[in-house]
Amino acid sequence: MEQILVGFVLPMALVFGLMYVMLILPQKRKEKKTKELLNSLQVGWTVTSIGGIYGKIVNIKDDEVTIETSVEKTKIVVKRWAVKDVVKPAEG
């Protein structure tokens with residue numbers, strides 16, 4: 001009976017261990033990196049939103065970011081979590 005139990009538990013433990021290493025840890029790392037990015041946003045950085053809007057940050061207030069797009073200086077206010085990526089930080 002013990003051999004059957006060990007023969008079942010050991011492979012299941014290995015499967016769960018592999019799932020944790022291959023799925024959960026990378027997701028946690030990605031979430032941590034995203035959180036750090038959102039907390040480090042600065043005025044002047046060029047960003048892309050999750051909706052594909054590309055522009056320069058002109059104002060940050062609490063959980064809202066104002067993005068200036070195009071030559072006409074159109075300003076759009078989005079939630080901080082809606083910023084997907086920093087294209088490049090402004091120099092200076």
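Here the sequence shown is numbered in full-length UniProt numbering, starting from 1 and rising by one per residue.
In this text, a Cβ means the ideal position worked out from N, Cα and C, and glycines have one as well.
(request) Could you name the residues that DSSP lists as bridge partners for Y20? (result) Position 20 of the sequence shown, counted from the start, is the residue given in the question as residue 20. Answer is none; Y20 lacks a bridge partner.
(request) Would you mind sorting I50 into buried or exposed? The rule is 16 or more other CB atoms within 10 Å of its CB. (result) Translated into positions along the sequence shown, residue 50 becomes position 50. So I50 ends up on the exposed side.
(message) Just to check my reading of the structure: T48 and K84 have Cβ atoms closer than 8 Å, yes? What is that Cβ distance to the nearest angstrom?
(response) Counted from its first residue, the sequence shown places residue 48 at position 48. Counted from its first residue, the sequence shown places residue 84 at position 84. With a Cβ gap of about 5 Å, T48 and K84 count as contacting.
(message) Using a Cβ distance threshold of 8 Å, determine whether the stretch 54–68 contacts the stretch 15–25, with at least three qualifying pairs required.
(response) no
(message) Going by C-alpha to C-alpha distance, which of V78, V65, L5 sits closest to L41?
(response) Looking up residue 41 in the sequence shown gives position 41. Checking every option, the nearest Cα to that of L41 belongs to V65.
(message) Can you tell me which residues form a DSSP beta bridge with I76?
(response) As a position in the sequence shown, residue 76 is number 76, starting the count at 1. Answer is I67, bridged to I76.
(request) Just the C-alpha distance for V15 and V6, rounded to the nearest angstrom, thanks. (result) Start at 1 with the first residue of the sequence shown, and residue 15 comes out as number 15. Start at 1 with the first residue of the sequence shown, and residue 6 comes out as number 6. Their backbone Cα atoms lie some 14 Å apart in a straight line.
(message) At the level of alpha carbons, what is the spacing between residue 103 and R29?
(response) Within the shown structure, residues of the chain are numbered from 1 to 92, placing residue 103 beyond reach of any answer.
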